[in-house]
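Before any comments, here is the structure.
In our numbering, the protein residues as written are 335 to 668.
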(Lines of atoms letter the chains of each structure in order from A and count residues from 1; the text may use other names and numbers.)
(Lines give C-alpha, C1' and ligand atoms only; values in the text may rest on other atoms or scores of the structure.)
Protein backbone atom coordinates (compact mmCIF):
# COMPACT_ATOMS: atom_id res chain seq x y z
CA UNK A 1 0.00 0.00 0.00
CA UNK A 2 1.43 3.36 -1.07
CA UNK A 3 1.49 6.05 1.62
CA UNK A 4 -0.42 9.19 0.62
CA UNK A 5 0.87 12.40 2.17
CA UNK A 6 -1.39 15.41 2.46
CA UNK A 7 0.14 18.79 1.57
CA UNK A 8 3.81 17.83 1.96
CA UNK A 9 4.94 21.15 0.48
CA UNK A 10 3.12 23.24 3.07
CA UNK A 11 4.96 21.65 5.98
CA UNK A 12 8.30 21.39 4.20
CA UNK A 13 8.42 25.02 3.12
CA UNK A 14 7.44 26.32 6.54
CA UNK A 15 10.09 24.21 8.27
CA UNK A 16 12.77 25.34 5.83
CA UNK A 17 11.85 29.02 5.77
CA UNK A 18 11.62 29.33 9.55
CA UNK A 19 15.16 28.00 9.78
CA UNK A 20 16.37 30.46 7.13
CA UNK A 21 15.11 33.98 7.89
CA UNK A 22 16.55 35.42 4.66
CA UNK A 23 14.14 33.17 2.74
CA UNK A 24 11.04 35.14 1.74
CA UNK A 25 7.71 33.72 0.59
CA UNK A 26 6.25 35.58 -2.39
CA UNK A 27 2.73 34.93 -3.65
CA UNK A 28 0.79 36.17 -6.68
CA UNK A 29 -2.77 35.87 -5.38
CA UNK A 30 -2.72 32.03 -5.34
CA UNK A 31 -1.57 31.65 -1.75
CA UNK A 32 -3.92 28.88 -0.63
CA UNK A 33 -3.72 27.13 -4.00
CA UNK A 34 0.05 26.89 -3.50
CA UNK A 35 -0.29 25.74 0.12
CA UNK A 36 1.45 28.71 1.74
CA UNK A 37 -1.60 30.31 3.35
CA UNK A 38 -0.72 28.81 6.72
CA UNK A 39 2.80 30.18 6.43
CA UNK A 40 1.38 33.61 5.59
CA UNK A 41 -0.75 33.54 8.73
CA UNK A 42 1.98 32.28 11.07
CA UNK A 43 4.99 34.12 9.63
CA UNK A 44 3.80 37.40 8.10
CA UNK A 45 7.28 38.92 8.49
CA UNK A 46 8.57 36.51 5.81
CA UNK A 47 5.55 36.76 3.49
CA UNK A 48 4.93 39.25 0.67
CA UNK A 49 1.79 39.34 -1.45
CA UNK A 50 2.35 40.80 -4.91
CA UNK A 51 -1.22 40.35 -6.08
CA UNK A 52 -2.22 39.17 -9.53
CA UNK A 53 0.83 40.80 -11.12
CA UNK A 54 3.40 38.17 -12.03
CA UNK A 55 5.54 40.50 -14.15
CA UNK A 56 6.00 42.77 -11.17
CA UNK A 57 6.65 39.76 -8.92
CA UNK A 58 9.54 38.56 -11.09
CA UNK A 59 11.13 42.02 -11.19
CA UNK A 60 10.57 42.47 -7.47
CA UNK A 61 12.15 39.08 -6.78
CA UNK A 62 15.20 40.04 -8.80
CA UNK A 63 15.62 43.09 -6.60
CA UNK A 64 15.27 41.03 -3.45
CA UNK A 65 17.92 38.67 -4.75
CA UNK A 66 20.26 41.58 -5.42
CA UNK A 67 19.69 42.71 -1.82
CA UNK A 68 20.77 39.33 -0.46
CA UNK A 69 17.40 37.69 0.14
CA UNK A 70 16.37 34.32 -1.30
CA UNK A 71 12.79 34.74 -2.53
CA UNK A 72 10.64 31.66 -3.14
CA UNK A 73 7.92 32.56 -5.66
CA UNK A 74 4.66 30.63 -5.41
CA UNK A 75 2.15 30.45 -8.24
CA UNK A 76 1.05 28.10 -11.00
CA UNK A 77 3.88 27.16 -13.32
CA UNK A 78 2.37 28.87 -16.37
CA UNK A 79 2.42 32.22 -14.60
CA UNK A 80 6.16 32.01 -13.93
CA UNK A 81 7.23 32.04 -17.58
CA UNK A 82 4.46 32.75 -20.10
CA UNK A 83 3.24 36.09 -18.83
CA UNK A 84 6.46 37.48 -17.25
CA UNK A 85 9.01 36.08 -19.71
CA UNK A 86 10.87 39.35 -20.26
CA UNK A 87 11.12 40.02 -16.53
CA UNK A 88 12.22 36.42 -15.95
CA UNK A 89 15.08 36.90 -18.39
CA UNK A 90 16.17 40.42 -17.50
CA UNK A 91 15.63 40.49 -13.72
CA UNK A 92 16.27 36.87 -12.71
CA UNK A 93 18.11 34.69 -15.24
CA UNK A 94 20.58 37.16 -16.77
CA UNK A 95 21.92 38.46 -13.42
CA UNK A 96 21.82 34.90 -11.91
CA UNK A 97 19.68 35.93 -8.93
CA UNK A 98 19.01 33.35 -6.22
CA UNK A 99 15.31 33.27 -7.03
CA UNK A 100 13.40 30.01 -6.48
CA UNK A 101 10.45 29.64 -8.85
CA UNK A 102 8.01 27.16 -7.30
CA UNK A 103 5.66 26.22 -10.12
CA UNK A 104 2.49 24.36 -9.18
CA UNK A 105 0.11 22.45 -11.48
CA UNK A 106 2.74 21.09 -13.88
CA UNK A 107 1.39 19.70 -17.15
CA UNK A 108 -2.03 18.09 -17.00
CA UNK A 109 -2.29 17.93 -13.20
CA UNK A 110 -5.10 20.50 -13.39
CA UNK A 111 -8.51 20.33 -15.08
CA UNK A 112 -8.18 24.05 -15.84
CA UNK A 113 -7.30 23.60 -19.49
CA UNK A 114 -4.78 25.49 -21.61
CA UNK A 115 -4.60 28.67 -19.53
CA UNK A 116 -3.45 26.79 -16.42
CA UNK A 117 -1.52 23.81 -17.78
CA UNK A 118 2.26 24.25 -17.95
CA UNK A 119 2.92 21.81 -20.79
CA UNK A 120 5.90 23.52 -22.46
CA UNK A 121 7.60 24.96 -19.37
CA UNK A 122 10.58 22.60 -19.40
CA UNK A 123 11.37 23.37 -23.03
CA UNK A 124 11.18 27.11 -22.32
CA UNK A 125 13.24 26.96 -19.14
CA UNK A 126 15.85 24.61 -20.64
CA UNK A 127 16.58 27.25 -23.28
CA UNK A 128 17.25 29.99 -20.71
CA UNK A 129 20.92 30.37 -19.72
CA UNK A 130 21.75 30.10 -16.00
CA UNK A 131 18.44 28.32 -15.21
CA UNK A 132 18.31 25.11 -13.15
CA UNK A 133 15.23 22.86 -13.49
CA UNK A 134 14.03 20.40 -10.85
CA UNK A 135 10.87 18.30 -10.89
CA UNK A 136 9.22 16.47 -8.00
CA UNK A 137 7.80 12.99 -8.49
CA UNK A 138 6.56 12.04 -5.02
CA UNK A 139 6.03 13.32 -1.48
CA UNK A 140 9.63 12.70 -0.44
CA UNK A 141 10.93 14.85 -3.26
CA UNK A 142 8.37 17.56 -2.47
CA UNK A 143 9.52 17.50 1.15
CA UNK A 144 13.14 17.98 0.10
CA UNK A 145 12.68 20.38 -2.83
CA UNK A 146 13.21 23.58 -0.83
CA UNK A 147 16.65 22.60 0.45
CA UNK A 148 17.63 21.21 -2.96
CA UNK A 149 16.56 24.34 -4.81
CA UNK A 150 18.17 26.64 -2.29
CA UNK A 151 21.52 24.89 -2.71
CA UNK A 152 21.82 26.34 -6.23
CA UNK A 153 23.83 29.52 -6.83
CA UNK A 154 21.39 31.04 -9.31
CA UNK A 155 17.73 30.82 -10.35
CA UNK A 156 15.84 27.54 -10.06
CA UNK A 157 12.53 26.48 -11.59
CA UNK A 158 10.72 23.68 -9.76
CA UNK A 159 7.67 21.66 -10.84
CA UNK A 160 5.81 21.09 -7.58
CA UNK A 161 3.13 18.52 -6.75
CA UNK A 162 0.46 19.58 -4.28
CA UNK A 163 -2.49 18.15 -2.38
CA UNK A 164 -2.42 14.41 -1.76
CA UNK A 165 0.91 13.09 -3.01
CA UNK A 166 2.12 9.46 -2.94
CA UNK A 167 5.37 8.52 -1.25
CA UNK A 168 7.33 6.48 -3.78
CA UNK A 169 10.92 7.07 -2.62
CA UNK A 170 12.75 6.76 0.70
CA UNK A 171 15.59 9.19 0.02
CA UNK A 172 15.38 12.95 -0.63
CA UNK A 173 15.83 14.69 -3.95
CA UNK A 174 19.52 15.35 -4.59
CA UNK A 175 20.50 17.76 -7.34
CA UNK A 176 22.22 16.00 -10.22
CA UNK A 177 21.30 12.47 -9.18
CA UNK A 178 18.92 10.18 -11.07
CA UNK A 179 17.09 7.31 -9.40
CA UNK A 180 17.48 3.75 -10.65
CA UNK A 181 14.11 2.21 -9.81
CA UNK A 182 14.68 -1.17 -11.44
CA UNK A 183 17.46 -2.93 -13.30
CA UNK A 184 16.83 -4.77 -16.55
CA UNK A 185 18.36 -5.61 -19.90
CA UNK A 186 15.55 -5.34 -22.48
CA UNK A 187 14.02 -1.84 -22.38
CA UNK A 188 15.01 1.36 -20.59
CA UNK A 189 12.17 3.57 -19.33
CA UNK A 190 13.00 7.19 -18.47
CA UNK A 191 10.38 9.23 -16.59
CA UNK A 192 9.97 12.30 -14.43
CA UNK A 193 7.22 13.84 -12.28
CA UNK A 194 3.83 12.12 -12.25
CA UNK A 195 4.85 9.98 -15.22
CA UNK A 196 7.06 7.95 -12.88
CA UNK A 197 4.11 6.76 -10.80
CA UNK A 198 2.27 5.84 -13.99
CA UNK A 199 5.28 3.97 -15.36
CA UNK A 200 5.54 2.02 -12.12
CA UNK A 201 1.97 0.82 -12.76
CA UNK A 202 3.05 -0.66 -16.06
CA UNK A 203 6.50 -1.97 -15.12
CA UNK A 204 5.20 -4.94 -13.16
CA UNK A 205 2.94 -6.05 -16.00
CA UNK A 206 5.82 -5.76 -18.47
CA UNK A 207 8.01 -7.90 -16.24
CA UNK A 208 5.25 -10.47 -15.83
CA UNK A 209 5.04 -10.63 -19.61
CA UNK A 210 8.71 -11.55 -19.79
CA UNK A 211 10.42 -8.19 -20.40
CA UNK A 212 13.43 -7.15 -18.36
CA UNK A 213 12.76 -3.49 -17.51
CA UNK A 214 15.31 -0.89 -16.48
CA UNK A 215 13.60 2.24 -15.10
CA UNK A 216 15.21 5.55 -14.15
CA UNK A 217 13.54 8.62 -12.67
CA UNK A 218 14.86 12.13 -13.35
CA UNK A 219 14.40 14.96 -10.88
CA UNK A 220 17.24 17.17 -12.14
CA UNK A 221 16.42 18.13 -15.71
CA UNK A 222 18.95 20.94 -16.07
CA UNK A 223 21.90 20.84 -15.76
CA UNK A 224 22.11 17.27 -17.04
CA UNK A 225 25.16 15.02 -17.29
CA UNK A 226 24.38 12.30 -19.82
CA UNK A 227 27.23 9.98 -18.82
CA UNK A 228 25.14 7.85 -16.47
CA UNK A 229 22.21 7.81 -18.89
CA UNK A 230 24.46 6.47 -21.64
CA UNK A 231 25.54 3.63 -19.36
CA UNK A 232 21.90 2.71 -18.79
CA UNK A 233 21.15 2.87 -22.52
CA UNK A 234 24.11 0.63 -23.28
CA UNK A 235 22.80 -1.93 -20.77
CA UNK A 236 19.53 -2.64 -22.68
CA UNK A 237 18.97 -4.55 -25.91
CA UNK A 238 15.96 -2.96 -27.57
CA UNK A 239 15.98 0.75 -26.81
CA UNK A 240 14.47 3.52 -24.72
CA UNK A 241 10.98 4.85 -23.92
CA UNK A 242 10.55 8.28 -22.35
CA UNK A 243 7.26 9.19 -20.68
CA UNK A 244 6.58 12.73 -19.51
CA UNK A 245 3.89 15.14 -18.38
CA UNK A 246 4.92 17.65 -21.05
CA UNK A 247 5.04 18.13 -24.79
CA UNK A 248 7.44 15.82 -26.59
CA UNK A 249 9.48 18.78 -27.87
CA UNK A 250 12.06 20.13 -25.46
CA UNK A 251 11.29 17.96 -22.44
CA UNK A 252 12.98 14.81 -21.17
CA UNK A 253 12.32 13.04 -24.47
CA UNK A 254 14.35 15.71 -26.22
CA UNK A 255 16.94 15.60 -23.44
CA UNK A 256 17.42 11.86 -23.99
CA UNK A 257 17.38 12.24 -27.79
CA UNK A 258 20.02 14.97 -27.65
CA UNK A 259 22.23 12.87 -25.40
CA UNK A 260 21.93 9.88 -27.71
CA UNK A 261 22.59 11.92 -30.85
CA UNK A 262 25.55 13.78 -29.38
CA UNK A 263 27.17 10.47 -28.49
CA UNK A 264 26.27 8.55 -31.68
CA UNK A 265 24.10 6.12 -29.75
CA UNK A 266 22.28 3.90 -32.25
CA UNK A 267 19.53 2.52 -30.00
CA UNK A 268 15.88 3.17 -30.80
CA UNK A 269 13.95 5.82 -28.88
CA UNK A 270 10.20 6.28 -28.40
CA UNK A 271 9.08 9.58 -26.85
CA UNK A 272 5.68 9.68 -25.14
CA UNK A 273 4.15 13.03 -24.20
CA UNK A 274 1.73 15.60 -25.52
CA UNK A 275 2.24 15.68 -29.29
CA UNK A 276 1.98 19.21 -30.71
CA UNK A 277 -1.25 19.87 -28.85
CA UNK A 278 -2.68 21.82 -25.97
CA UNK A 279 -4.65 19.73 -23.48
CA UNK A 280 -8.28 20.32 -22.66
CA UNK A 281 -9.85 20.14 -19.21
CA UNK A 282 -10.43 16.87 -17.39
CA UNK A 283 -9.14 14.65 -14.62
CA UNK A 284 -5.50 13.64 -14.61
CA UNK A 285 -6.32 9.98 -15.31
CA UNK A 286 -8.60 10.89 -18.21
CA UNK A 287 -6.10 13.28 -19.77
CA UNK A 288 -3.23 10.81 -19.46
CA UNK A 289 -5.29 8.17 -21.24
CA UNK A 290 -6.65 10.58 -23.87
CA UNK A 291 -3.23 11.95 -24.81
CA UNK A 292 -1.38 8.63 -24.65
CA UNK A 293 0.85 9.26 -21.66
CA UNK A 294 -0.42 6.51 -19.34
CA UNK A 295 0.61 2.97 -18.51
CA UNK A 296 -1.07 1.37 -21.51
CA UNK A 297 0.67 3.79 -23.86
CA UNK A 298 3.96 2.82 -22.25
CA UNK A 299 3.15 -0.87 -22.77
CA UNK A 300 2.39 -0.24 -26.45
CA UNK A 301 5.70 1.62 -26.85
CA UNK A 302 7.62 -1.26 -25.27
CA UNK A 303 5.81 -3.71 -27.54
CA UNK A 304 6.89 -1.64 -30.53
CA UNK A 305 10.51 -1.77 -29.44
CA UNK A 306 10.60 -5.54 -28.95
CA UNK A 307 8.45 -6.22 -32.01
CA UNK A 308 5.74 -8.34 -30.47
CA UNK A 309 2.43 -8.09 -28.64
CA UNK A 310 2.61 -8.87 -24.94
CA UNK A 311 -1.13 -9.27 -24.41
CA UNK A 312 -1.26 -6.74 -21.56
CA UNK A 313 -4.56 -5.02 -20.75
CA UNK A 314 -5.59 -2.40 -18.20
CA UNK A 315 -6.50 -5.15 -15.72
CA UNK A 316 -2.90 -6.36 -15.77
CA UNK A 317 -1.55 -3.00 -14.61
CA UNK A 318 -1.25 -2.05 -10.97
CA UNK A 319 -4.35 -0.29 -9.70
CA UNK A 320 -4.52 3.35 -10.66
CA UNK A 321 -4.62 6.01 -7.97
CA UNK A 322 -7.44 8.40 -8.77
CA UNK A 323 -7.20 11.92 -7.36
CA UNK A 324 -10.37 13.72 -6.38
CA UNK A 325 -10.69 17.07 -8.11
CA UNK A 326 -11.97 18.48 -4.82
CA UNK A 327 -10.60 17.18 -1.53
CA UNK A 328 -9.68 18.34 1.95
CA UNK A 329 -6.09 18.66 0.78
CA UNK A 330 -7.07 20.63 -2.30
CA UNK A 331 -10.36 22.37 -1.78
CA UNK A 332 -10.55 23.87 -5.24
CA UNK A 333 -9.83 22.42 -8.66
CA UNK A 334 -7.57 25.37 -9.46
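Positions of the beta carbon are idealized from the N, C-alpha and C atoms, including for glycine.
Of the listed residues the options, nearest to residue i (C-alpha basis)
i	options	result
residue 356	624, 526, 632 and 381	381
residue 648	635, 428 and 630	630
residue 466	335, 431, 542 and 453	431
residue 582	546, 626, 617 and 620	626
residue 621	419, 442 and 415	442
residue 472	413, 539, 339 and 484	339
residue 642	544, 534 and 510	544
residue 367	354, 377, 450 and 397	450
residue 593	350, 342, 524 and 414	524
residue 491	568, 415, 335 and 562	415
residue 361	590, 439, 385 and 487	385
residue 495	405, 348 and 477	477
residue 402	354, 438, 423 and 364	354
residue 379	446, 633, 351 and 394	351
residue 364	413, 398 and 392	413
residue 391	436, 347 and 348	436
residue 542	359, 346 and 644	644
residue 560	531, 595 and 373	595
residue 546	616, 574 and 404	574
residue 463	483, 438, 489 and 484	489
residue 485	475, 508 and 346	508
residue 444	516, 617, 548 and 346	617
residue 635	516, 619, 533 and 591	533
residue 550	522, 459 and 570	522
Where the alpha helix (DSSP H) containing residue i begins and where it ends
i	result
residue 467	Element bounds for residue 467: not the alpha helix (DSSP H) but the beta strand (DSSP E), 466-469.
residue 348	342-352
residue 457	455-460
residue 373	371-376
residue 671	A question about residue 671 goes unanswered here, because the residues of the chain that appear run from 335 up to 668.
residue 535	528-542
residue 390	388-400
residue 479	473-484
residue 633	629-640
residue 426	Counting along the chain, residue 426 falls outside any alpha helix (DSSP H), and DSSP gives it neither H nor E.
residue 586	586-596
residue 621	618-624
Residue i classed as buried or exposed, judged by whether at least 16 other C-beta atoms fall within 10 angstroms
i	result
residue 294	Any answer about residue 294 is impossible in this case: the structure gives the chain only from 335 up to 668.
residue 628	buried
residue 514	exposed
residue 579	buried
residue 510	exposed
residue 400	exposed
residue 653	exposed
residue 605	buried
residue 376	exposed
residue 421	buried
residue 588	buried
residue 337	exposed
residue 282	Outside the displayed range of the chain (335 to 668) lies residue 282, so it cannot be described from this structure.
residue 461	exposed
residue 335	exposed
residue 598	exposed
residue 349	exposed
Integer-rounded CB distance, given that residue j should sit under 8 Å from residue i
i	j	result
residue 469	residue 555	6 Å
residue 586	residue 526	5 Å
residue 651	residue 536	6 Å
residue 602	residue 566	Their Cβ separation, rounded to whole angstroms, is 15 Å, which puts residue 602 and residue 566 out of contact at 8 Å.
residue 388	residue 417	5 Å
residue 584	residue 423	Rounded, the Cβ-Cβ distance is 17 Å, inconsistent with contact.
residue 615	residue 396	Not confirmed; about 34 Å, so no contact.
residue 405	residue 374	The pair is not a contact, with the Cβ atoms about 14 Å apart (cut-off 8 Å).
residue 493	residue 557	Incorrect: roughly 16 Å between the Cβ atoms, too far for contact.
residue 512	residue 552	5 Å
residue 633	residue 540	7 Å
Cβ-heavy atom distance, residue i to the ligand COA, below 6 Å
i	result
residue 559	Although the ligand COA was asked about, the structure shown includes no ligands whatsoever.
Opening and closing residue of the beta strand (DSSP E) in which residue i lies
i	result
residue 491	490-494
residue 435	434-438
residue 410	404-410
residue 573	573-581
residue 547	547-552
residue 513	513-516
residue 498	498-500
residue 358	357-361
residue 605	603-608
residue 382	381-383
- the stretch 499-510 touching the stretch 417-430, judged by at least three CB pairs closer than 8 Å: no
- Per the contact definition of three or more C-beta pairs closer than 8 Å, is the stretch 364-379 in contact with the stretch 397-410? yes
- Touching by the beta-carbon criterion (3+ pairs, under 8 Å), the stretch 489-503 and the stretch 602-610: no
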